[in-house]
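Participant: Dumping the structure here so I can ask a few things about it.
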Amino acid sequence: MVAARYFRICSCFSRATTLMGLKNPVYALLFALAMGMPVRAADLFITVASTTSTQNSGLYEHILPIFQDKTGTEVRIVAVGTGQAIRLAERGDADVLLVHHKASEEEFVAKGFGIKRYPVMYNDFVIVGPKNDPAGVKGMTDAPAAFGKIAEAKAPFASRGDDSGTHKAERMLWNITERDVDSVSGTWYRETGAGMGATLNTASGMNAYTLTDRGTWLNFKNRGELVIMVEGDPRLYNEYGVIPVNPEKHPHIKKEAAQSFVDWLISAEGQDAIAGYRINGEQLFFVKPE
1 MVAARYFRIC SCFSRATTLM GLKNPVYALL FALAMGMPVR AADLFITVAS
51 TTSTQNSGLY EHILPIFQDK TGTEVRIVAV GTGQAIRLAE RGDADVLLVH
101 HKASEEEFVA KGFGIKRYPV MYNDFVIVGP KNDPAGVKGM TDAPAAFGKI
151 AEAKAPFASR GDDSGTHKAE RMLWNITERD VDSVSGTWYR ETGAGMGATL
201 NTASGMNAYT LTDRGTWLNF KNRGELVIMV EGDPRLYNEY GVIPVNPEKH
251 PHIKKEAAQS FVDWLISAEG QDAIAGYRIN GEQLFFVKPE
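Per full-length UniProt numbering, the sequence shown starts with residue 1, numbered consecutively.
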């Protein structure tokens with residue numbers, strides 16, 4: 001792996017320059033060149049603020065080694081909810097933002113925090129629930145109507161409650177039903193304040209319904225009695241966008257490396273890598289059409 005070779009070289013380089021007394025970085029650089037060592041920037045990594053759904057799906061473990069081997073740039077993922085990821089990027093704590101709430105992404109760019117939003121991939125949300133289906137929603141294709149039946153039955157429902165893209169999608173569906181779930185929080189409606197994997201674990205333990213992205217669901221092992229109940233509603237469409245953070249807001253942002261990662265994600269190679277990620281033969285993410 002490129003990263004492993006890089007760290008071995010850095011270790012040898014550090015020992016050699018110390019023994020030679022070459023603490024001055026200019027002399028150290030000249031020594032490295034004379035010894036034929038590859039010289040790489042000390043900060044050869046970028047930070048990507050992203051979502052727990054992409055992390056929990058296993059996508060990054062599949063695609064990042066390809067990019068890192070190609071470019072030598074390490075990609076460090078900070079996986080949180082979309083809302084928190086956006087706040088991290090606004091503070092300049094990330095070089096790239098990759099999340100899944102288009103309106104929030106467009107607002108991020110409009111405020112000058114991002115250079116440009118690039119659609120990168122999509123999948124969908126599904127409603128999962130216990131096999132005994134106390135709310136009687138299995139097979140429905142109208143997600144808000146299914147939420148309404150869950151509320152009427154007061155069947156346990158686990159919400160992420162974390163301002164993530166998934167949570168925003170869930171609240172949109174509740175708003176369509178015109179039901180105030182805040183008023184019943186802590187009863188049949190439980191907010192975990194956690195990521196997608198943790199919320200699915202909670203739902204599994206409670207035999208509760210929940211909304212999840214399909215990618216995380218396919219990679220989730222602790223399903224217990226949970227199965228897919230509702231899918232196929234166009235309102236369950238789930239699009240991801242990637243945005244390089246604007247260095248005019250934060251001059252320390254690694255603009256070139258960030259743009260290189262974005263360009264790779266939307267290139268034919270990057271899109272093939274995304275589309276090629278499968279679990280048990282099932283594709284988790286679909287690339288954006290030209």
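Quick reminder that beta carbons are idealized off the backbone N, C-alpha and C, glycines included.
Roughly how many angstroms separate the alpha carbons of residue 103 and residue 126, rounded to a whole number?
Facilitator: Cα-Cα distance, rounded: 21 Å.
Participant: Below 8 Å, how does it come out for the region 168-184 and the region 217-225: are there three or more Cβ pairs, yes or no?
Facilitator: No contact exists between the region 168-184 and the region 217-225.
Participant: To the nearest angstrom, report how far apart residue 189 and residue 155 are at their CA atoms.
Facilitator: Roughly 8 Å between the two C-alpha positions.
Participant: Taking the DSSP output, what are the residues bridged to residue 121?
Facilitator: Note: residue 121 sits in a beta bridge opposite 240 and 287.
Participant: How close, in whole Å, do the beta carbons of residue 158 and residue 206 come, if the pair is a contact with beta carbons under 8 Å?
Facilitator: 6 Å between Cβ atoms; contact.
Participant: Where does the unbroken beta strand (DSSP E) through residue 189 begin, and where does it stop?
Facilitator: Per DSSP, residue 189 belongs to the beta strand (DSSP E) from 189-191.
Participant: Between residue 271 and the rest of its own chain, which residues show a CB-CB distance below 6 Å, the 5 nearest in sequence each way excluded?
Facilitator: Excluding residues within five positions, the ones whose Cβ falls inside 6 Å are 287.
Participant: At a Cβ threshold of 8 Å, is residue 187 touching chain D?
Facilitator: Considering every chain present, this structure includes no chain D. It has just one protein chain.
Participant: Determine, using beta carbons only, whether residue 298 and residue 141 come nearer to each other than 8 Å.
Facilitator: For the chain, the structure presents residues 1 to 290; residue 298 sits outside this window and is missing.
Participant: Starting from residue 206, trace the alpha helix (DSSP H) in both directions and tell me its first and last residue.
Facilitator: Per DSSP, residue 206 belongs to the alpha helix (DSSP H) from 196-206.
Participant: Buried or exposed for residue 251, going by 16 or more other Cβ atoms inside 10 Å?
Facilitator: That one is exposed.
Participant: Determine whether the beta carbon atoms of residue 52 and residue 83 lie at a separation below 8 Å.
Facilitator: Taking 8 Å as the Cβ cut-off, residue 52 and residue 83 do not qualify as a contacting pair.
Participant: Where does the unbroken alpha helix (DSSP H) through residue 184 begin, and where does it stop?
Facilitator: Segment: none, residue 184 is in no alpha helix (DSSP H) and carries neither H nor E.
Participant: Pull up the DSSP beta-bridge partners for residue 76, would you.
Facilitator: For residue 76, which the question treats as bridged, DSSP gives the partners 47.
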